[in-house]
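**Q** Okay, so the sequence shown: first residue is 265 according to our numbering, each after it adds one.
Each residue gets a CB set at the ideal place from its N, CA and C atoms; glycine is no exception.
Please read these numbers as outputs of a predicted model, since none were measured by experiment.
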Amino acid sequence: MSMFTTIRVKLFTAPLFKLLKKRGLLPSISATEKTALRAGDVWMEGDLFSGHPDFEKIMAHPYPGLSEEEQSFLDNEVEELCAMTDDWEVFQQRDLPENVWEYIKAKRFFGMIIPRKYGGLGFSAYGHSCVIEKLATRSQVLAITVMVPNSLGPAELLLHYGFDKQKDYYLPRLADGREIPCFALTEPQAGSDATSIQSHGTVFRDSDGELKIKLQFEKRYITLGAVATVIGLAFILRDPDNLLGKGEDLGITCGLIDAAKEGVDQSRRHDPLNVPFVNAPLVGKDVVIGLDDIIGGEQGVGRGWEMLMESLAVGRGISLPSTSTGGSKLALLVASTYSAVRHQFGIAIGKFEGIAEVIGRMGADVYLLDAARTFTIAAIDNGEKPAVANAIMKYQSTEKFRRMILDGMDILGGAAISRGPNNLLAHAYFGAPVAITVEGANIMTRTLIQFGQGVIRCHPYAYGEIEALENGDIKTFDNLFFSHIKHILVNGFRTILLGLTRGHLHRCRQGGVTRRYEQKLSWASARFAFLGDVALGLMGAGLKRKESLSGRFADILAQMYLLTATMKRFKQEGEKKEDEVFLRVAMTNGFNEIDKAFAGIYQNLARGVLGAVFKGVGFYARVNRLGSVVDDADLHKIAGLLTTGASVRDRLCRNIYRGGRVRELIDAARAMREAKEAFAHRKMYGEQSLDENEKTLIERATELQRGIIGVDSFSHGEYFRCSR
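See the structure below:
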């Protein structure tokens, strides 16, 4: 330590250190929060928090692709499973057909994440995601049923924490469907706050002298709970007689419970908005298990919270983003093809600007959403565990899916609200709120996790400063604190200079269409990082309770992440000229959202004189905006590409099941296009009559069109026989 540093520590840092500890000005972190913060990795989110993201490094991140085996599985087994499943019948019968259940087991759909050596498919995260995405375009019930065993649950936990005997026994049985798993976490008093679970187990010695655990639990909202044969259970473990020698309160522990054990009650079902996937409450009274039923055995005692956080840090980025992207693609395909087939006032409704505006927005959102899904899963396949990015994906994908379904239903009108075998959107509409609530309710994900945890976990210095403060390490705190001060000053100057030059000061190492977007993202990142530090300095430990403010920071972080992913996709796919309009609309919308969030921060960051200063800066920021008004011509161009040409639409909506009603829509749109081309050809050459082939073409187009615009209806008897 230099003489200057020694003097600085003695005269400034030590008194500051004592003041911060005494008044709790920096956020304190509980043991459970530390576990959550340490779960996963800091990936490129750290660049966005730095205020100076390295886009050259970010754009060099590898992009995923499917192996030959994964592509074959999508083209054959997944295609066959979709063809076997009639979503209308699933809703009427309130379950998947028996032959579908058997096919899922036989083809090892439940074992996508299980390595081949245990009998699983051993798919990459991208392969796993593409399977779930495609299934979601056929039936949400089907997608959820396959998704859950491959998400947070026994297989995932065993792979990372199980001992060899557990893995050797359970994993082959989970892979081939002999065991159907579920994971029981949520309780009546423990929803988003999973640490407050009341289910508990007590260590005791049985009549044979063996150590056992007696469980009491009450869980709810457990997917596959009513049909599971093995229950992954989170519970508080207590050892009042200290039989394990580890104390009396051992903390959250995860166990594997044979559903056939005495005391387990699986007899009831929930009805989640009429969507008939298996979801149920689970109750256990005096259920006895052995220590070997704890995941990881005795070594797993008290590690349940760590297991859950580590698994969720990855799982949030795969399951729901995959179903949401699939559902969004389906909504776009249905809306755009229907708009080409449905005519009013003598023209296709897709020609109306009001309809074209919505289709244009949907197209840009699907382009962005699929880009973000692929970008995130590429990181997971590359060994990253980007906890904050995955939380962003969970929130943003499910929210965009919800809006996409509503937009699609607006376009289809009465055809979207009349239930029946021909309605492709109603069941997805029922399921959209379900996705919002699971794996962390969206409101909580936005206001507590994305920025609330991100500002500590992804900040270059904050977490280290807090740890140094807790450990009484003045020297480390001094180094970090003054590095932090330098970081704030640099970002402050960058914010001013980038603002004055509207981002042009940022030097892009690569040119092209994305150059200007990179400059704006660098500008946004500098302002975000600077204001984040200002908020941390002004509010200290109170920042975590300012959830409205935290939510606005989360919105900025999320948009920067999504826009970066969109730029990455555009570059990765060869900067196609026809994709420029999708990129332009997606980026403009994202920057507008960033502007909106910054305006809310400036308005609410402080009160009094300081508040007036921030409001003044906010006024300047509203004038000197990142975003701009979306050009109507761009939205109309996207709509034209999607309604009149199959190539762009098929590429944007790839990995969709195209059988059944979807095939009818596509065929009708193609027939209408061919009929119009025939008319246009005759008109061009001044010919009035059609030849026989052209007449046949017109008749077929008319017949298909009538079939598509037809709406399901039932006789009185059929109507009242419908179960729902």
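Tell me the DSSP secondary structure of Arg915 in three-state form.
**A** Position 651 of the sequence shown holds residue 915. Helix, per DSSP.
**Q** Would you call the CB atoms of Val354 and Leu345 closer than 8 Å?
**A** Along the sequence shown, read from residue 1 onward, the residue named residue 354 stands at position 90. Along the sequence shown, read from residue 1 onward, the residue named residue 345 stands at position 81. No, these two residues do not count as a Cβ contact at 8 Å.
**Q** Under 8 Å, do Glu857 and Asp898 count as touching if we go by C-beta distance?
**A** Working through the sequence shown from its first residue, we reach residue 857 at position 593. Working through the sequence shown from its first residue, we reach residue 898 at position 634. No, the Cβ-Cβ distance between Glu857 and Asp898 is not below 8 Å.
**Q** Mind checking Phe757: buried by the 16 CB within 10 Å criterion, or exposed?
**A** Residue mapping note: residue 757 aligns to position 493 of the sequence shown, counting from 1. Result: exposed.
**Q** Can you tell me the Cα-Cα spacing of Gln836 and Leu826, whole angstroms?
**A** The sequence position of residue 836 within the sequence shown is 572, counting from 1. The sequence position of residue 826 within the sequence shown is 562, counting from 1. So the alpha carbons of these two residues sit roughly 15 Å apart.
**Q** Would you grab the beta carbon distance between Thr662 and Ile619 for me? Rounded to a whole angstrom, and I think it's under 8 Å.
**A** Residue 662 sits at position 398 when you count from the first residue of the sequence shown. Residue 619 sits at position 355 when you count from the first residue of the sequence shown. Not confirmed; about 25 Å, so no contact.
**Q** Let me check you understand the geometry: is the CB of Gln480 closer than 7 Å to at least one non-hydrogen atom of the ligand SAM?
**A** This structure simply doesn't include the ligand SAM, nor any ligand for that matter.
**Q** Could one say the Cβ of Ala799 lies closer than 8 Å to chain C's Cβ atoms, at least one of them?
**A** Absence of chain C from the displayed structure is noted, only one protein chain being present.
**Q** Does the pairing of the segment 612-630 with the segment 685-699 give three or more beta-carbon distances under 8 Å?
**A** no
**Q** Would the beta-carbon of Lys664 fall within 8 Å of that of Ser592?
**A** Counted from its first residue, the sequence shown places residue 664 at position 400. Counted from its first residue, the sequence shown places residue 592 at position 328. At the C-beta level, Lys664 and Ser592 come within 8 Å of one another.
**Q** Given that a residue counts as buried once 16 or more other Cβ atoms are within 10 Å of its Cβ, and exposed if not, what is Gln660?
**A** Numbered from 1 along the sequence shown, position 396 holds the residue referred to as residue 660. By the 10 Å Cβ count, Gln660 comes out buried.
**Q** Cα separation between Leu406 and Ala544?
**A** Mapped onto the sequence shown, residue 406 falls at position 142. Mapped onto the sequence shown, residue 544 falls at position 280. When rounded, the distance between both Cα atoms is 17 Å.
**Q** Measuring CB atoms only, is the segment 444-457 touching the segment 380-397, in the sense that at least three cross pairs come out at less than 8 Å?
**A** no
**Q** So His464 is in the alpha helix (DSSP H); what residue range does that whole segment cover?
**A** For the purposes of this step, residue 464 is identified with residue 200 of the sequence shown, where counting begins at 1. Secondary structure note for His464: it is in no alpha helix (DSSP H), and the uninterrupted beta strand (DSSP E) holding it is His464 to Arg469.
**Q** For His424, is the classification buried or exposed, using 16 other Cβ atoms within 10 angstroms of its Cβ as the cut-off for buried?
**A** Mapped onto the sequence shown, residue 424 falls at position 160. Exposed, since its Cβ has fewer than 16 Cβ neighbours within 10 Å.
**Q** Out of Ile477, Gly560 and Val467, point me to the one whose CA is closest to Tyr434's CA.
**A** Indexing the sequence shown from 1 puts residue 434 at position 170. Of the listed residues, the one whose Cα sits closest to Tyr434 is Gly560.
**Q** When the distance is taken between beta carbons, is Thr828 closer than 8 Å to Leu847?
**A** Here residue 847 is taken as the residue at index 583 of the sequence shown, counted from 1. Here residue 828 is taken as the residue at index 564 of the sequence shown, counted from 1. Contact flag unset, no.
**Q** Please give the ranges of any beta strand (DSSP E) in the segment 453-509, keeping only runs that are unbroken, at least 3 residues long and fully inside the region.
**A** Under the rule that a run must span 3 or more residues, the beta strand (DSSP E) segments found entirely inside the segment 453-509 read 464-469, 475-487 and 494-502.
**Q** Do Val539 and Leu507 have their C-beta atoms within less than 8 Å of each other?
**A** As a first step, residue 539 must be located in the sequence shown, where it is residue number 275. As a first step, residue 507 must be located in the sequence shown, where it is residue number 243. Not a contact, by the Cβ cut-off of 8 Å.
**Q** Inspect the beta-carbon positions of Asp440 and Arg358 and report whether they are closer than 8 Å.
**A** As a working mapping, residue 440 is identified with position 176 in the sequence shown. As a working mapping, residue 358 is identified with position 94 in the sequence shown. No, the Cβ-Cβ distance between Asp440 and Arg358 is not below 8 Å.
**Q** Check the C-beta distance from Ala642 over to His325 and give it rounded, since I have them as a contact under 8 Å.
**A** On the sequence shown, position 378 is the one that residue 642 refers to. On the sequence shown, position 61 is the one that residue 325 refers to. Right, the Cβ-Cβ distance comes to about 6 Å (below 8 Å), so this counts as a contact.
**Q** Thinking C-beta only, is Asp550 closer than 8 Å to Gly566?
**A** As a working mapping, residue 566 is identified with position 302 in the sequence shown. As a working mapping, residue 550 is identified with position 286 in the sequence shown. In this structure, the beta-carbon distance from Gly566 to Asp550 does not fall below 8 Å.
**Q** Tell me whether the beta-carbon of Leu632 lies closer than 8 Å to the beta-carbon of Ala850.
**A** Within the sequence shown, residue 632 is the residue found at index 368, counting from 1. Within the sequence shown, residue 850 is the residue found at index 586, counting from 1. Yes, they are a contact pair.
**Q** DSSP state of Lys739, grouped into three classes?
**A** In the sequence shown, counting from the first residue as 1, residue 739 sits at position 475. It is helical.
**Q** Just how far apart, CA to CA, sit Phe715 and Arg871?
**A** Looking up residue 715 in the sequence shown gives position 451. Looking up residue 871 in the sequence shown gives position 607. If you take the alpha carbons of Phe715 and Arg871, they lie about 22 Å apart.
**Q** Quick one: any contact between the segment 506-524 and the segment 482-498, if contact means 3 or more CB pairs under 8 Å?
**A** Yes: the two stretches touch, three or more of their Cβ pairs being nearer than 8 Å.
**Q** Sort out for me which residues DSSP pairs Thr517 with in a bridge.
**A** For the purposes of this step, residue 517 is identified with residue 253 of the sequence shown, where counting begins at 1. According to DSSP, which records beta bridges pairwise, Thr517 is partnered with Phe499.
**Q** Tell me which residue opens and which closes the beta strand (DSSP E) that Asn363 is part of.
**A** Within the sequence shown, the letter at position 99 stands for residue 363. Where Asn363 is concerned, there is no enclosing beta strand (DSSP E), although the alpha helix (DSSP H) it sits in stretches over Glu362 to Ala370.
**Q** Rounded to whole angstroms, how far is the Cβ of Lys483 from the Cβ of Thr450, which I believe are closer than 8 Å?
**A** Taking the sequence shown and counting its residues from 1, the one referred to as residue 483 is at position 219. Taking the sequence shown and counting its residues from 1, the one referred to as residue 450 is at position 186. Yes, they are in contact, since the Cβ atoms of Lys483 and Thr450 sit about 6 Å apart, within 8 Å.
**Q** Alpha helix (DSSP H) containing Asn856: first to last residue?
**A** Residue numbering aside, residue 856 sits at position 592 when the sequence shown is read from its first letter. Run containing Asn856: Glu844 to Asn868, per the alpha helix (DSSP H) assignment.
**Q** Going residue by residue through the segment 606-675, where are the continuous alpha helix (DSSP H) segments of at least 4 residues, counting only ones entirely within it?
**A** 617-645
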